[in-house]
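Residue numbers (this note's numbering): 1 to 456. All residues carry an ideal CB built from backbone N, CA and C; glycine is no exception. Before any comments, here is the structure.
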């Protein structure tokens, strides 16, 4: 059967997160753990299911945006559910305004999502929690018409009694949905909740999490796990008092994020690993963040990484031939690309960043509109992306990039944090640990070549 270019384009959607327990998505999934420096998801799972089953754990998971964290976390969710855990996974960006986040917002989002997931389990009356919500409702009453009918995304039309008879998920949902869309309401809500953050944490633990776990165990479950995805996307903006938001949330307020009485996995901004506060962060959480690096396309010495490239080829070809075995896919490569070298060029140019690889491929398909795809059109796609990336790069940043290329490492100042956040520099892992290199398409830019020649 010939490859349908429309189906191929749909299969290459860079915005789609694979859910590996779904049969169709499973056909596209490639396990890169053998070239990423270890079985990170297995480590997270074992910490919960084997080493600390009866004690709450708190793990941090990070990596470049688009490197595959969400897919791996959904795989973790599926494996934990197979081990009889009740797992609540959610994308925090759906609940929070990522440019303006406080720890109370995160705790409320977790409470809402857990409460929603347990709607069929009878818990005790959360009197303390409802008292907090009623106080917030009264504070915001002039702005939020809580006495009427309010539409909340994901919940629908709901009613709230301002005297306090508020169902937990609905009450949180009505308040936070409005606060997310209004800086003024967020400020009012925080003025009320901030002095009571420890009380909020206490009632979440005592009136929601602990009763939930007890009831889940009666139903044969091993425990409760909450996976908070997309917190790595919080803006690196400054709080009004000058503190960077990621450091504020994960360092200054880390003890409260860690204070939930259930297993929790948070995604964390990658740039925090290069912050001067990184040591304080690891002390707060008493763990080292788990890092999902790029899929290597070359070794430290610049020679091709054969295994990494082989897996990336399979990731691409699985989109065209999901029902074939790996060897069979390779035999049909020329049905999709004009030559095997063209496929290799695509894989190498991505630097092992899986979303960018799919982004290149989907853009390429839209431009070419026929198979096999040609290397000439791929070079146009790469050139356009390179031009976009190089526009904001200053002379000082070119020098930093040259330093990374020569020494394969970064240091923790603001310049290098910018390179990491902007995806100008990628992180890889091998048997000797982490190493860094310049995004391959930037390494082909004239600005980089000139700087490299000048500093040689």
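message: Closest to residue 100 by C-alpha separation, out of 420, 399 and 239, would be which residue?
response: Taking only the C-alpha atoms, the option nearest residue 100 is 239.
field: Residue closest to residue 420, alpha-carbon to alpha-carbon, out of 4, 29 and 400
entry: 400
Range of the contiguous beta strand (DSSP E) that encloses residue 62: 58-62
- prompt: Tell me which same chain residues have a C-beta within less than 6 angstroms of the C-beta of residue 264, skipping the five on either side of it?
  reply: 58 and 226
Straight-line Cα distance separating residue 411 from residue 474: With the chain represented from 1 up to 456, any question about residue 474 goes unanswered, as that position is not in the structure.
task: Sort 359, 424, 317 and 319 by Cα distance to residue 392 and report the nearest one.
output: 424
query: For residue 292 versus residue 72, is the C-beta spacing smaller than 8 angstroms?
result: yes
- request: Please state if the CB of residue 388 and the CB of residue 377 are separated by a distance shorter than 8 angstroms.
  value: no
field: Distance, residue 298 Cα to residue 318 Cα
entry: 22 angstroms
query: So, are the CB atoms of residue 356 and residue 66 less than 8 angstroms apart?
result: yes
message: Below 8 angstroms, how does it come out for the stretch 108-117 and the stretch 167-180: are there three or more Cβ pairs, yes or no?
response: Verdict: yes, contact present.
Uninterrupted beta strand (DSSP E) stretches inside the stretch 352-433 (no shorter than 3 residues): Secondary structure remark: continuous beta strand (DSSP E) runs of at least 3 residues inside the stretch 352-433, in chain order: 425-430.
field: Residues near residue 3 by beta carbon distance below 7 angstroms, same chain, minus five either side
entry: So the qualifying residues of the chain are 320, 335, 336 and 371.
field: Environment of residue 428 [buried if 16+ CB atoms lie within 10 Å]
entry: buried
- prompt: My guess is that residue 416 and residue 274 are in contact by the Cβ rule of under 8 angstroms, so how many angstroms apart are they, rounded?
  reply: 6 angstroms
- request: Kindly identify the DSSP beta-bridge partner or partners of residue 224.
  value: 86
field: Assigned secondary structure, residue 28 (DSSP; H/G/I helix, E/B strand, else coil)
entry: If DSSP states are grouped into helix, strand and coil, residue 28 belongs with coil.
Nearest-angstrom Cα separation, counted from residue 85 out to residue 223: 5 angstroms
message: Under 8 angstroms, with one C-beta from each stretch per pair, do the stretch 278-297 and the stretch 40-55 reach the 3-pair mark?
response: yes
message: From the DSSP secondary-structure annotation, give me the bridge partner or partners of residue 238.
response: Beta bridge pairing from DSSP links residue 238 with 244.
message: What ranges does the alpha helix (DSSP H) occupy inside the stretch 164-203, keeping only unbroken runs of at least 4 residues that lie completely in it?
response: 168-180 and 183-193
Distance between residue 453 and residue 76 (C-alpha atoms, nearest Å): The straight-line gap from Cα to Cα measures roughly 45 angstroms.
Cβ-based burial, residue 433 [other Cβ within 10 Å; buried from 16]: exposed
field: Sequence-distant residues of the same chain with beta carbon closer than 8 angstroms to residue 143, five excluded per side
entry: With a pLDDT of 49 at residue 143, under the threshold of 50, the modelled position of this residue cannot be trusted; read the value that follows with caution. Around residue 143: 178, 182, 184, 185 and 188.
message: Determine whether the beta carbon atoms of residue 17 and residue 270 lie at a separation below 8 angstroms.
response: no
message: I'd like to know whether the C-beta atoms of residue 175 and residue 134 end up nearer to each other than 8 angstroms.
response: no
field: Simplified DSSP assignment, three categories, for residue 458
entry: Because the chain is modelled from 1 through 456, residue 458 falls outside the range shown and cannot be assessed.
query: With C-beta atoms as the reference, is residue 359 less than 8 angstroms away from residue 441?
result: no
- prompt: For the alpha helix (DSSP H) that contains residue 267, what are its first and last residues?
  reply: Under the DSSP assignment, residue 267 falls outside any alpha helix (DSSP H), being part of the beta strand (DSSP E) whose first and last residues are 263-267.
- request: Give the secondary structure of residue 321 by DSSP, where H, G and I count as helix, E and B as strand, and everything else as coil.
  value: coil
message: Closest to residue 394 by C-alpha separation, out of 404, 350, 447 and 327, would be which residue?
response: 447 is the residue among 404, 350, 447 and 327 whose C-alpha sits nearest the C-alpha of residue 394.
Where residue 291 falls: helix, strand or coil (DSSP): The DSSP-derived three-state label of residue 291 is strand.
message: Within the continuous alpha helix (DSSP H) that includes residue 303, where are the two ends?
response: Run containing residue 303: none; DSSP gives neither H nor E here.
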